[in-house]
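Below: the structure, in structure tokens.
In the working numbering, the protein residues as written are 45 to 358.
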């Protein structure tokens with residue numbers, strides 16, 4: 045079982061099964077991927093808001109593709125997430141017109157996180173007003189090439205994986221992805237040092253880093269979309285001091301999610317004296333959005349859980 049290194053030198057920014065593989069491996073091999081942050085290095089410490097708003101998105105920078113020998117359509121690629129190491133800093137930000145609340149904010153905002161200091165002091169990244177977020181890194185984008193020819197955006201998740209942003213896919217997890225093309229053509233990127241369930245402002249704690257993945261093939265069954273196994277729900281220390289939650293009820297789950305987060309922002313502004321922009325960013329990295337019930341129609345219930353452990357003196 046060989047080990048390989050794949051640096052973040054030649055990146056790609058879309059899904060396209062005609063992109064030549066950068067590496068060929070055998071089932072059972074491990075690859076150490078170097079990844080670039082979602083801004084491709086544009087957002088970094090010292091950046092001004094004037095510079096931040098000029099960033100033009102061009103798709104997630106992805107490391108790969110990796111050709112897995114023997115993989116064919118109908119097979120399953122099994123990923124084992126062995127280790128993740130974040131970069132020295134991260135960022136969270138938003139612009140009007142995107143995220144769960146695209147029309148609620150007229151100005152852009154962002155926050156730079158010192159992850160180097162966080163790793164040295166117990167893996168909690170400091171926000172503002174003494175608020176700290178525990179790091180629990182994962183890669184938001186892990187996927188295979190599509191069978192359809194042409195270029196496809198990295199933004200939406202797909203049947204072969206992609207931008208799933210599932211925060212539980214941390215070290216120790218196993219992910220199963222359905223193969224659509226020969227060799228599978230796996231790519232990875234969009235590392236997050238931490239994220240809430242929902243990633244509501246459209247970014248988490250975005251960072252670059254290194255992730256070690258072991259590849260196996262499953263040919264005993266087929267799946268239509270990704271499955272995964274995770275050793276824990278993630279960030280278990282967050283529940284130690286309980287949660288504060290806001291809820292909303294609507295026939296529309298998206299609208300109920302919006303309202304639950306709006307109520308949480310209102311609570312954070314009133315209780316912890318954050319700006320609305322800071323509260324929105326905090327929701328994106330810490331709130332756990334949950335469907336509390338989906339059977340009592342016509343209204344369904346969405347709850348936004350905020351862990352008390354991140355706040356000082358709680």
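Glycine residues also receive a C-beta, built at the ideal position from the N, C-alpha and C atoms.
*Between which two residues does the beta strand (DSSP E) containing residue 287 stretch?*
287-294
*Taking the alpha carbon of residue 232 as the point to measure from, which residue in 109, 170 and 150 has its own alpha carbon closest?*
109
_Cβ neighbours of residue 275 in the same chain (closer than 6 angstroms, five flanking residues each side left out)_ = 216
_Can you tell me where the beta strand (DSSP E) holding residue 298 begins and where it ends?_
Here residue 298 belongs to no beta strand (DSSP E); instead the alpha helix (DSSP H) covers 297-316.
_Beta-carbon spacing of residue 240, residue 330 below 8 angstroms_ = yes
*Could you round the C-beta distance between residue 288 and residue 175 to whole angstroms and report it? I think they count as a contact, below 8 angstroms.*
Incorrect: roughly 13 angstroms between the Cβ atoms, too far for contact.
*Cβ atoms of residue 238 and residue 188: under 8 angstroms apart, would you say?*
no
*Per-residue burial, residue 61 [other beta carbons within 10 Å of its own, 16 or more giving buried]*: buried
*If I'm right that residue 155 touches residue 106 with Cβ under 8 angstroms, what's the distance once you round it to whole angstroms?*
Their Cβ separation, rounded to whole angstroms, is 25 angstroms, which puts residue 155 and residue 106 out of contact at 8 angstroms.
*What is the DSSP secondary structure of residue 321, counted as helix, strand or coil?*
helix
*Would you mind reading off the limits of the beta strand (DSSP E) that contains residue 96?*
Not the beta strand (DSSP E): residue 96 falls in the alpha helix (DSSP H), residues 93-96.
*Any 3 or more C-beta pairs closer than 8 angstroms across the stretch 252-269 and the stretch 140-151*: no
*asked:* Suppose contacts are defined by Cβ-Cβ distances below 8 angstroms. Is residue 94 in contact with residue 50 by that definition?
replied: no
*Closest by C-alpha distance to residue 171, when choosing among 186, 302, 319 and 301*: 319
*Could you check if residue 264 is buried or exposed, using at least 16 other CB atoms within 10 Å of its CB as the buried criterion?*
exposed
*Between which two residues does the beta strand (DSSP E) carrying residue 261 extend?*
253-262
*Per-residue DSSP class, three states only, for residue 50*: strand
*Count the other CB atoms within 10 Å of the CB of residue 47; is the residue buried (16 or more) or exposed (fewer)?*
exposed
*So residue 190 packs on residue 204, CB below 8 angstroms; how close in whole Å?*
6 angstroms
*C-beta contact flag for residue 423 and residue 137 at 8 angstroms*: Here the chain has residues from 45 to 358 only, and residue 423 is not among them.
_Beta-carbon spacing of residue 300, residue 346 below 8 angstroms_ = yes
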